[in-house]
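Structure first, commentary second.
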Amino acid sequence: MNQERPWFRIVSLFLGFAFLYIPVASLIFYSFNASKLVTVWGGFSTKWYGELLHNQQILGAAWLSLQVATASATLAVVLGTVAGLVLARFGPFKGRTLLSGLTTAPLVMPEVITGLSLLLLFVTMEQLIGWPAGRGMTTIIIAHVTLTMAYVTVIVQSRLAQMDDSLEEAAMDLGARPFKVFFLITLPIIAPALMSGWLLAFTLSLDDLVITSFVAGPGSSTLPMVIFSKVRLGVSPDINALATILVTIVTIGVIVAGVMMTRQQKAKERDAQMALAANQQMIESLKKA
Amino acid sequence: MMRWLQRWVPSGRTLVTSVPYLWLLLFFLIPFVIVLKISFSSSQIAMPPYVPLFHWASEKVLQVQLNLGNFLFLVEDSLYIKAYLNSIKVAAVSTLLCLLIGYPIAYSMARSSTSTRNILLLLVTLPFFTSFLLRVYAWIGILKNNGLLNNLLMSLGIIQEPIQMLQTDFAVYVGIVYSYLPFMILPLYANLEKMDLTLLEAAADLGCKPWQAFLRITLPLSLHGILAGCLLVFIPAVGEFVIPSLLGDPGMLMIGKVLWTEFFNNRDWPVASAVAIALLLFLVIPIMFLDRAQNAEQAEGARK
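Respectively, the protein sequence lines represent chains P and V. Residue numbers for the first sequence follow my numbering, so the first one is -17 and each next one is one higher. Residue numbers for the second sequence follow my numbering, so the first one is -8 and each next one is one higher.
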């Protein structure tokens, strides 16, 4: 196979990943810098972490962001799974094209447009039916669900497209109702995809600045909003410390999820092999008989 | 009676379909109708800061005030046209750069061994999970006058004086390419990974040189992936707000920044809506292309 140019592969991968990771590494490195001038090394120190822990504004915003991200990721996984199932399994139906368009568009729609349109919706709804009264956590959650469920839909839809549907058909033939088939067969098989969908939705929600700025009311500043207003004034070392903490948490989360998924995959393969072996044995014994 | 019931009570299928459908209609499609409506109204100092489009002039006369002024304003004031054109230019150049950088990476990933591939895939997706805002922020520290890059170049003796890199177009390009590169790599990788390598072997057997085989086989076969990757970068990049406001020159005209300023600083909701509608009209066609490309890819995956 195309192995004649390993140097090309190694060089392009090395340069590519250096480009992707050096900026993040520099963030982490300078978070331990004693000097207030972020890029001038003034000795090792962890004082910015201490300062961060006493910054009430950042802590409050982080807490709000965590609540919003948990709620919206959970809701997005439910809605996105249903949408993915409908698109992957229900075949052609009236309005399918519109649904598929509506799930693709939020992925790429410039955030300024989505944010503005959602805010105008909330204002109009408040005038017409009095809900949502004012803007705050509820409106932020709704906006984040709309954005992130699109990602979950794509993940679930492509997982279902790869999945062998003979198991579902077999259960159906044995008399299971569609709901039962979904909860007993489909859901356990696509569970890893749901987990990565939830993680992605969670981090996207935790990270969103533009849409949130439009739909957040006064007094409900999320973490990215606080970071943005600080960063606009220039670099500040406590933001580096915050970045390091976030990167560490995310990396651990992704690695743990990855390891769990690989293990599950291996267990599945083992089961399949054992089933195959058992099958073979049965055939052998039948032949003998 | 039963038949009547069956006819009118929606089936489970319809119910299941309607849940995400209604959500997206209410929170994604209808908002655009409202933006369209408000783009035709005039602004006033109140909350909300615009004149309602419809109002009851007397008991039974519904008066409709359509104000095309906002759109005329966009055409007349050269600032908006310049901002649109500049955004398209920046997005197009960044997309091209992403493709040039992303293609070799995706290609090399797809031709690695299976176990390496999974690790590399994890490494490409990891940035998705780390804060976009903080990754853009990292570039401020690298590009500023006493930043990492200038210090490095000066200590190597390549330059004597720091080069102004932050607050230039260059910084914006770096920021966009850096942030959107995974969006280019992933669809390309997914496409290249599926490719039938025996085609290349056949070409080699028939005396084709590797670069010829690449140009005549690999590249044409990966066009779907190229298209998807380019659209995934181009469409959001046109309306980008965070990157130009953190890394770019404060005077740099980008349509996302203009919309933000109209809305938050000038509090002119109707003009902001008109800017959004004009941007949306421009992006509808690429979005439809993307949806079609993704559906084609899904169908292909299902067939296999």
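Beta carbons: idealized from backbone N, C-alpha and C, even for Gly.
Taking a beta-carbon distance threshold of 8 Å, V/Ser122 counts as an interface residue toward chain P. P/Lys250 and P/Gly179 have their C-alpha atoms roughly 21 Å apart.
By the CB criterion at 8 Å, P/Pro170 and P/Met243 fall outside the cutoff.
In the DSSP assignment, P/Arg252 falls within the alpha helix (DSSP H) that extends over Pro219 to Lys270.
As summarised for the region 155 to 180 of chain P, the continuous alpha helix (DSSP H) elements at least 4 residues long and confined to that stretch are 160 to 163, given in chain order.
In this structure, V/Tyr75 sits away from V/Ile226, with a CB-CB distance that is not shorter than 8 Å.
Under the DSSP assignment, P/Gln49 falls in the alpha helix (DSSP H) whose first and last residues are Gln38 to Arg71. The beta-bridge partner set that DSSP reports for V/Ser34 consists of V/Tyr41. Chain V places no beta carbon closer than 8 Å to that of P/Ser148, leaving this residue out of the contacts.
At a C-beta separation below 7 Å, P/Arg245 has no neighbours in chain V, since its nearest C-beta there lies roughly 13 Å away. When the alpha-carbon of V/Asn136 is set against those of V/Phe123, V/Thr159, V/Pro118 and V/Thr121, the nearest one is in V/Thr159. Chain P has no Cβ within less than 8 Å of the Cβ of V/Ile149. Inter-residue distance for V/Gly239 and P/Trp23 is about 26 Å (C-alpha atoms, whole angstroms). The beta carbons of P/Leu98 and P/Phe196 sit closer together than 8 Å.
P/Asn15 has P/Phe26 as its beta-bridge partners, per DSSP.
Taking a Cβ-Cβ cut-off of 9 Å, the neighbours of V/Ser99 in chain P comprise Phe(-10), Arg(-9), Ile(-8), Val(-7), Ser(-6), Leu(-5) and Gly(-2), given in sequence order.
Distance from the CA of P/Met119 to the CA of V/Leu88, rounded to the nearest whole angstrom, comes to 39 Å.
With at least 16 other beta carbons inside 10 angstroms of its own, V/Asn182 counts as buried.
Here the alpha carbon of V/Val10 sits roughly 37 Å from the alpha carbon of V/Ala97. Not a single C-beta of chain V is nearer than 8 Å to the C-beta of P/Val134. For the 8 Å CB-CB criterion, P/Pro92 and V/Leu270 form a contact. According to the DSSP assignment, P/Gln139 belongs to the alpha helix (DSSP H) that extends over Met119 to Gln144. When Cβ-Cβ separations below 8 Å define contact, P/Ser17 makes no contact with chain V.
Taking 8 Å as the CB threshold, P/Ala223 stays off the interface with chain V. Within the region 191 to 219 of chain P, the complete alpha helix (DSSP H) runs of at least 4 residues fall at 192 to 197 and 205 to 213. At a Cβ-Cβ threshold of 8 Å, V/Pro261 and V/Ser30 count as neighbours. By a beta-carbon distance limit of 8 Å, P/Val94 does not contact P/Val208. Their separation comes to about 20 Å. A residue is called buried once 16 or more other Cβ atoms fall within 10 Å of its Cβ, and V/Ala219 is buried on that count. Counting along the chain, the unbroken alpha helix (DSSP H) around P/Thr106 starts and ends at Glu93 to Ile111. Residues of chain V with a Cβ closer than 7 Å to the Cβ of P/Asp189 are, in chain order, Ser122, Phe123 and Leu124.
Cβ proximity to chain V below 7 Å picks out Leu61, Val64, Ala65, Val68 and Phe72 from the region 45 to 74 of chain P. Cβ-Cβ distances below 7 Å link V/Ile176 to Gly93, Ile96, Ala97 and Val115 in the same chain, with the five nearest sequence neighbours on each side left out; the list follows chain order.
Sequence-ordered contacts of the region 28 to 42 of chain P with chain V are nonexistent [C-beta pairs closer than 8 Å]. In this structure, V/Ile234 sits near V/Ser170, with a CB-CB distance shorter than 8 Å. Per DSSP, the continuous alpha helix (DSSP H) segment holding V/Asn141 begins and ends at Leu139 to Ser146. With fewer than 16 neighbouring CB atoms inside 10 Å of its own CB, V/Val24 falls in the exposed class.
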